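One structure is given below, encoded as structure tokens.
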Amino acid sequence: MTRALLTVVAAGGLLAGCSSSFNAPRDAQSGAAQARWRSSVDAIGKPISEADLSAWNIDVAPDGHGLPNGSGDVATGGRIFAAKCAACHGAKGEGLIGDQLIGGAGTLATPNPKRTVGSYWPYATTLFDYIRRAMPYNAPQSLSADEVYALSAWILNRNGIVPDDARLDAQTLAAIRMPNRDGFVPDPRPGKL
Numbered sequence: 001m002t003r004a005l006l007t008v009v010a011a012g013g014l015l016a017g018c019s020s021s022f023n024a025p026r027d028a029q030s031g032a033a034q035a036r037w038r039s040s041v042d043a044i045g046k047p048i049s050e051a052d053l054s055a056w057n058i059d060v061a062p063d064g065h066g067l068p069n070g071s072g073d074v075a076t077g078g079r080i081f082a083a084k085c086a087a088c089h090g091a092k093g094e095g096l097i098g099d100q101l102i103g104g105a106g107t108l109a110t111p112n113p114k115r116t117v118g119s120y121w122p123y124a125t126t127l128f129d130y131i132r133r134a135m136p137y138n139a140p141q142s143l144s145a146d147e148v149y150a151l152s153a154w155i156l157n158r159n160g161i162v163p164d165d166a167r168l169d170a171q172t173l174a175a176i177r178m179p180n181r182d183g184f185v186p187d188p189r190p191g192k193l
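In terms of UniProt numbering, the sequence shown is numbered consecutively and its last residue is 193.
This is how it looks when you write it as structure tokens:
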């Protein structure tokens with residue numbers, strides 16, 4: 001019992017010592033000590049510049065906000081897909097080691113749903129955002145905006161959503177209404193459920 005009590009007292013003393021040394025700069029009577037402490041805290045890390053931040057600020061909203069300048073057509077997208085995507089997603093987007101991208105229309109309510117870009121995704125802008133951020137798997141964020149628009153055009157064309165002669169850009173991509181747009185329920189959070 002005495003040993004346990006001593007352990008508690010010793011631990012409390014150590015914590016009190018840590019606490020008092022941590023609070024010492026804040027409690028210091030000297031303005032110089034406070035300034036030195038503040039300076040040492042401010043020296044940790046480096047403020048990020050707007051230029052540095054903009055390289056990572058590449059999200060695209062469902063309404064198209066954030067889409068970059070550029071454009072791409074179905075034919076160009078087919079060539080890019082064959083060169084940079086088919087090894088994982090199959091020559092026709094049927095899926096290999098990567099997900100199936102094409103097909104699946106009308107399967108969501110069946111026992112074997114196929115959640116593809118054409119059958120499941122509610123926004124075409126999400127396709128652009130995902131390709132831009134994460135593809136190709138071995139070199140994410142390596143595609144130009146024109147390449148991503150072209151790939152989006154090809155995938156949407158193969159799903160029967162845009163015609164063979166489609167050329168997508170920020171305006172035309174954001175205007176596409178996906179087949180499963182109404183298949184999602186809005187999430188009211190942080191409001192009430």
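Here a beta-carbon is modelled for each residue, glycine too, at the ideal position from N, C-alpha and C. Just so we're clear, the structure is a prediction, and the values are computed from it rather than from any experiment.
Query: N159, buried or exposed, once every other Cβ within 10 Å from all chains shown has been counted against 16; Result: buried
Query: Among T125, G183, M135, nearest to I87 - alpha-carbon criterion; Result: First, the residue type needs correcting, since residue 87 is Ala and not Ile in the sequence shown. The residue with the shortest Cα to Cα distance from A87 is M135.
Query: Complete runs of the alpha helix (DSSP H) confined to the stretch 42-128 [at least 4 residues]; Result: 50-56, 74-84, 86-89
Query: Exposed unless 16 or more other CB atoms sit within 10 angstroms - verdict on L53; Result: exposed
Query: Beta bridge counterpart(s) of L168 as assigned by DSSP; Result: G72
Query: For S21, three-class secondary structure by DSSP; Result: Residue confidence is low: S21 scores 49 on pLDDT, short of 50, so the model does not pin down where it sits. No coordinate-derived value is stated.
Query: Beta-carbon gap between A145 and N69 smaller than 9 Å; Result: yes
Query: As assigned by DSSP and simplified to three states, the class of R181; Result: helix
Query: L143, enclosing alpha helix (DSSP H) - first and last residue; Result: Note, L143: premise wrong, no alpha helix (DSSP H); not H, not E.
Query: Residues of its chain near S142, where Cβ-Cβ distance is below 8 Å and the 5 sequence neighbours each way are ignored; Result: P136
Query: The stretch 163-181 in contact with the stretch 87-101 per 3-pair CB rule at 8 Å; Result: no
Query: Cβ-based neighbour list, V60, same chain, cut-off 7 Å, excluding 5 preceding and 5 following; Result: G66, L67, T125, F128, D129
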